[in-house]
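Read in the working numbering, the sequence shown has 1164 at position 478, and its numbers run on one by one without any break.
To start, the structure under review is shown below, and the notes come after it.
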Amino acid sequence: MLIPSDSRDNFSGTSGEAEAFVQSALDALSAHIAILDEHGSIIGVNAAWQLFADSNGLSDPNYGIGTNYLAVCDISAKRRSRDAIMVASGIRDIMNGGMDEFQLEYPCHSPTEKRWFVVRISRFDWYDDARIIVAHQNVTELKRVQIELSESKRRIEAVIDNVNNGIVAINRKGFIQTANRASARIFGYQLDELIGLHLRDLMTETLKDEQSFYRLNGQHGHEITGVRKDGEHFPMYFSLNRLELDDGAIYTCIIQDITYRKRMETEIIERERMQVALDKERELRSLKNRFLSMMGHELNTPLASINLSYDMLKKYGDVSTPEENEQALDNIQQQVGHLRDMVKDVMTLSRSEAEGLSVDAEQLNLVTYCQDIVEEFHFIHSKTHSVDFECDIKKLMAQIDRRILRRALTNLLSNAIKYSPNGQTVTLSLIVDDAQEQAIIKVKDTGMGIPEEDHARLFEPFHRATNVDNLPGTGLGLAIVKQAIELHNGTITFETVMGEGTTFIIVLPLQHKAD
Ligand code: ATP
Ligand code: MG
């Protein structure tokens, strides 16, 4: 009831109908409303006010009607209620016309519930009298949403501020609107200095053209050059995403300073380059050592032999028989030939590495070609070994360099003879693999075999297996074989069993056209 019957006289000149209308209008509102007279006394309240009083156990049966609201506020103000002080002063300002409306949000927590209200105070004239309307609106729900929103905003800001990547939001024109702490740190600005800068202030030419810049939208990181406040350039990853908001689109940019990673990458590449150079250097040194030790050993033997024959001719030439002199001269010639072969081998390898060997290929029948070589070997080594040729076909035409392939086959046959005991058979076989259009040549012996530890380096120049004992050799033969086969676009592999023998397998493409 706005105006209790015993207080109706306060409303001079009002009609009962008008009062009832105002009362029912106020009762329909959810705000708790009290009407004060010009002195601040409550002269009426609405239904929501009464309900609030009832549900909060307020004892006044008159719901405060007749009480001076201003005096109540003053009492609370004395108890240092900041809100009460402000409300009291607001009511006074409105009473004396200093203000039209006063509004204040205040907490009003019950023992069981946290509540917030907004009090709105304004003034109106009821016929000739001034009236103050005090409306308390429960805004707890709104406040709760507000609190939740600001908490989640704080949480998001905390996360954004604590990531290592820079995050900046820019408007369509490229001006920075917000930025996190990491971006300020990356670019060397204070956070507030960043706001309002244009994105182009933070990077080099790459993205200055706006079109190319907005085309980056939604794409993954771009590696571009950033510019710090002090002008230093640095590499950064940059990605851009368009975000549609109610009041227009903004772009968020994620920025990652990759200076450290770049430096590491460069260091790793440099270290790898140095490692390759070091390995090469080490390999060269070891090649040189192997070469020198081989030369020391292999040159000494023929030179000592030449020296011996020379001494013999010089000291005893006059008294020796012509046959003995002839034998000494033959020996000198043979040893010189041996030395020449060695020099030739070294030259072949070093020349091919430096400038590449040219292949002078021709069409020839591989069957007769191999057979001739085998027969030659059989004839020369008939005293110690038997050298056999196995082949089921009469003719197999292939495009090969007869001189180069001969070096390969003779080296393999020499090895097979050298590394197998006297009396054994060495076999060269030739078959054709029609499906693959390949010729397969195998050189097989039943000799000492090759230890596992030597397999990997067998084709390297000057490498000799650990089981060769005193058998002579330079370790160049297989390197030359491999090179010869590769010049024909072929491959060479081997199978070996210690103490049982070794087979070298050459596969030659028949379609090979010499370069
Ligand atoms: P050379 O330069 O005079 O041929 P080499 O025979 O020692 O000297 P390679 O022909 O390159 O050199 O052979 C390298 C090594 O491989 C040999 O020293 C030997 O240890 C091993 N080897 C090669 N062929 C055979 C084989 N048929 N049986 C056993 N070991 C072999
Ligand atoms: Mg050899």
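We put the CB at the ideal spot given by N, CA and C, even for glycine.
query: Element boundaries [alpha helix (DSSP H), containing Ala1102]; result: Arg1088 to Lys1104
query: Distance CB(Asn1108)-CB(Thr1070) smaller than 7 Å; result: yes
query: Sheet register partners of Asn824 (DSSP bridge); result: Phe803
query: Counted within 10 angstroms of its Cβ, other Cβ atoms place Gln1049 as buried (16 or more) or exposed; result: exposed
query: Pocket of ligand 2 defined by Cβ to heavy atom distance under 7 Å; result: Asn1097, Ser1100, Asn1101, Lys1104, Gly1159, Gly1163 and Leu1164
query: One or two residues paired with Trp812 in a DSSP bridge; result: Asp815
query: Residues near Thr1034 by beta carbon distance below 7 Å, same chain, minus five either side; result: Ile1166
query: Residue environment, Pro988, which counts as buried when at least 16 other CB atoms sit within 10 Å; result: buried
query: Asp1027 beta carbon near ligand 1 (any heavy atom closer than 6 Å); result: no
query: Beta-carbon proximity check, Tyr749 vs Asp769, cutoff 7 Å; result: no
query: Where Glu1076 falls: helix, strand or coil (DSSP); result: strand
query: Heavy atom of ligand 3 within 6 Å of Val1154 beta-carbon; result: This structure lacks ligand 3; its bound ligands are ligand 1 and ligand 2.
query: Contained alpha helix (DSSP H) runs [length at least 4] in the stretch 857-939, N- to C-terminal order; result: 867-873, 877-880 and 896-900
query: Residue range of the beta strand (DSSP E) that includes Thr1054; result: It is not in any beta strand (DSSP E) - Thr1054 instead sits in the alpha helix (DSSP H) that spans Leu1052 to Ile1066.
query: His718, DSSP secondary structure in three states; result: strand
query: Span separating the alpha-carbon of Asp1131 from that of Phe1063; result: 14 Å
query: Gly1023: CB within 6 Å of a non-hydrogen atom of ligand 1; result: no
query: Met1083 beta carbon near ligand 1 (any heavy atom closer than 6 Å); result: no
query: Other residues of its chain near Asn742: CB distance less than 8 Å, five sequence neighbours each side excluded; result: Ser796
query: Straight-line Cα distance separating Ser716 from Asp811; result: 23 Å
query: Closer than 6 Å: Thr1188 CB and nearest ligand 1 heavy atom; result: yes
query: Simplified DSSP assignment, three categories, for Val758; result: helix
query: CA-to-CA distance, Gln736 to Leu712, given in whole angstroms; result: 12 Å
query: Span of the alpha helix (DSSP H), counted from its first residue to its last, around Ile1178; result: Not the alpha helix (DSSP H): Ile1178 falls in the beta strand (DSSP E), residues Thr1177 to Val1183.
query: Local Cβ density within 10 Å of Met922, reported as buried at 16 or more and exposed below that; result: buried
query: Span separating the alpha-carbon of Ala870 from that of Asn848; result: 12 Å
query: Length of the line joining the Cα atoms of Lys1080 and Leu999; result: 51 Å
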